[in-house]
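Everything in the sequence shown is counted per my numbering, starting at 545 for the first residue and increasing by one. Ideal Cβ placement from N, Cα and C applies to all residues, glycine included. Below you'll find the structure, written out as structure tokens, and then a few comments.
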Amino acid sequence: MASVDGATAARGIPVPRDAATVMLLREGGDGMEVFLLRRVAGMAFAGGMTVFPGGGVDQRDMETSVAWS
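This is how it looks when you write it as structure tokens:
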């Protein structure tokens, strides 16, 4: 990710953050199927929208001692 200097943050320009999304696809009986989520309607950002699963990257996501399964 590109570095952001302190002056950029001080001017109120949003600082980018690491994020990820997942596209789960499979071949279904009637063709390709895509896994999507519907966000809770009361959420401040994109409430009620249908989206691909994903979100911000958490530092714990990179811990090699955790056995994700």
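Per DSSP, reduced to three states, the secondary structure at R555 is coil, with no helix or strand assignment. Per DSSP, reduced to three states, the secondary structure at M606 is helical. The segment 569 to 576 makes no contact with the segment 586 to 599; the number of CB pairs closer than 8 Å stays below 3. For V578, the enclosing beta strand (DSSP E) stretches over residues G575 to V578. Secondary structure note for G598: its beta strand (DSSP E) is the uninterrupted segment G598 to G600.
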